[in-house]
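Let me begin by presenting the structure, written as structure tokens, before commenting on it.
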Amino acid sequence: MGISQSTGIVDQRPDRMFQTLLAAYGPQSWWPAESVEETIIGAILTQNTSWKNVERALEVLRREEMMDVGRLSRIETEQLATFIRSSGYYNQKAKRLQNFCRRLKDEHGNLSQLATLSTQDLRDWLLDIHGIGKETADSILLYAFSRPVFVVDAYTIRIFSRHHLIKETSGYDQVQTYIHENLKPEAQTYNEFHALLVRTGKECCRRKHPRCENCPLTGDKARYNVQG
DNA sequence: CCCCAGGCGTCCA
DNA sequence: TGGACGCATGGG
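Here the first sequence stands for residues 11 to 238, where the numbers follow this note's numbering.
What follows is the structure in structure tokens.
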């Protein structure tokens, strides 16, 4: 396999996989037209939860005029929990939303100020918030702040390991570093690739399904796993 | 009845 | 450091 002089990328399989999925499914358009605060709220609410259930909660928050960091900071936690009931884990998530909102107000004032932080500083700050782990932090970095940070999830690890791009025992940081080093570091690319991997995982790479006959990554057209 | 979803913190070895 | 567990609704 060739080594790109300009980028230093050695392993082109992630890009091939990305191109294969993009050709098969087209752009997924995740979080395209929502506000920054709505994207962040959604990132927290969707922890281990289907997006459909999250959307219902977001509609309630919109109706209650609660898509606002200041209002979320001041509302009673129990009442906030009732608003986001459909997203599951509502007691935990009500606290987590308020943890974020209150620390934002106290330490940075508003989202515009938060956005002036470097990607590394912003990530460190997010990870220090109780209830925000790596995946949620990186989702916020990528989808709310358009930073070139790849979001690793269970689908990513499952698909990559099944196609032998990584070891089965690889952890979050290992997988993220691998992708960062072998795929053009653009927010738009990472945004689309992550969304495509989630779709692929849902449709044909479930835990029970060892293999899917309709998966774009399976069969003659898949070139990402061929030594080129 | 079962399993699953765009995780995280805690506890325990 | 790594695995088990609680958290909870809604869909298939």
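Backbone N, C-alpha and C define an ideal beta-carbon position, used for all residues, glycine too.
Contact between Asn192 and Val70 does not hold, since the beta-carbon distance rounds to 41 Å and is not under 8 Å. Sequence-distant partners of Ile176 (beyond 5 residues in either direction) whose C-beta falls short of 8 Å from its own C-beta, in its chain, are Ile167, Phe170, Gln184, Val185, Tyr188.
Non-local beta-carbon contacts of Ile150 in its own chain, meaning distances under 8 Å to residues more than five positions away in sequence, involve Thr49, Ile50, Ala53, Leu136, Ile142 in chain order.
The beta carbon of Tyr153 lies closer than 6 Å to those of Trp41, Thr49 in the same chain, with the five residues before and after it left out. For Glu117 and Ala33, the gap between their C-alpha atoms comes out near 44 Å.
Note that the C-beta distance between Val64 and Thr56 is below 7 Å.
Contact between the region 87–97 and the region 120–129 is absent, with fewer than three C-beta pairs closer than 8 Å. Tyr35 carries a helical assignment under DSSP once its states are collapsed to helix, strand and coil. The three-state secondary structure of Gly181, taken from DSSP, is coil.
Here the alpha carbons of Leu227 and Arg113 stand approximately 43 Å from one another. Under the DSSP assignment, Ile167 falls in the alpha helix (DSSP H) whose first and last residues are 164–172.
Per the coordinates, the alpha-carbon of Met76 lies some 46 Å from the alpha-carbon of Gly18.
Gly119 and Leu82 have their C-alpha atoms some 14 Å from each other.
Between Thr59 and Ser97, the CB-CB gap stays under 7 Å. Note that the C-beta distance between Ser156 and Ala205 is not below 7 Å. Counting C-beta atoms within 10 angstroms of its own C-beta, Ala67 has 16 or more neighbours from the protein chains shown and is therefore classed as buried.
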